[in-house]
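Here the sequence shown is numbered in our numbering, starting from 607 and rising by one per residue.
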Amino acid sequence: MILVAGGWALDRATDQPVDPDVVTGRVTHIRDGDTIEVSGIPIRLNGLNCEERGSDLGKLATAAMRDLVEGQDLTCRLNGDRTYDREVGRCVLDDGRDIGAVLIGQGVCGRCARFDPQGGYIEVQRQVGPFTGEVPGYCAP
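Below, the structure is given as structure tokens:
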């Protein structure tokens, strides 16, 4: 890639602009239920709350994430925020399914209302019922 004015990049192979807010690539690491690495870039899934790996539900969430995305290609739209070493965004599988919605639908993670202001996960959370795991205070709207 070649950096051009305004922070945009060009793909050398196609000479087409590359959106800096989109990461597309293979899942290279699963940290836990709500953090993955795509093409080596750590991404914290926005609007999703999963318990940490040390808890039983956290282990289930991590395993569910692994089953869902390990070795898969994803497209992630970043929102410009960062937390620790991670970019923040939402990712979809090649078939268009939002991985956060899938994990909420499986009951292993829940909606983090504060970071889902557009309400993208409200319906799937309603369908599956309230999240049975711990909901951190920062998820309150």
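Ideal placement from N, C-alpha and C gives every residue a C-beta, glycine not left out.
Whole-Å CB distance - residue i paired with residue j, under 8 Å assumed
i    : j    : result
I705 : V675 : 6 Å
A670 : V714 : 5 Å
L709 : L680 : So it is not a contact: roughly 13 Å between Cβ atoms.
Whether residue i touches residue j by CB criterion (8 Å)
i    : j    : result
Y744 : R720 : yes
G695 : I649 : yes
E658 : D673 : no
C697 : V734 : no
C682 : A667 : no
V633 : I642 : yes
G653 : D701 : no
Y727 : A707 : yes
Opposing strand residues paired with residue i [DSSP bridges]
i    : result
V698 : T681 and D704
L651 : G695
E643 : H635 and P648
V628 : R683
R717 : L654
T668 : Paired residues: none, contrary to the question.
T689 : R692
Exposure of residue i, with buried meaning 16 or more beta-carbon neighbours within 10 Å
i    : result
A611 : Low per-residue confidence applies at A611: pLDDT is 41, beneath 50, and the placement is therefore not dependable, though the value from the model is reported in the following sentence. It counts as exposed.
V628 : exposed
D691 : exposed
D687 : exposed
D625 : exposed
Closer than 7 Å: residue i CB and nearest the ligand GDP heavy atom
i    : result
E676 : Within the structure as shown, the ligand GDP is missing, as the structure has no ligands at all.
Tell me whether the region 732-741 and the region 656-664 touch, counting them as touching only if at least three CB pairs, one residue from each stretch, are closer than 8 Å. The answer is yes - the region 656-664 touches the region 732-741, with three or more Cβ pairs under 8 Å.
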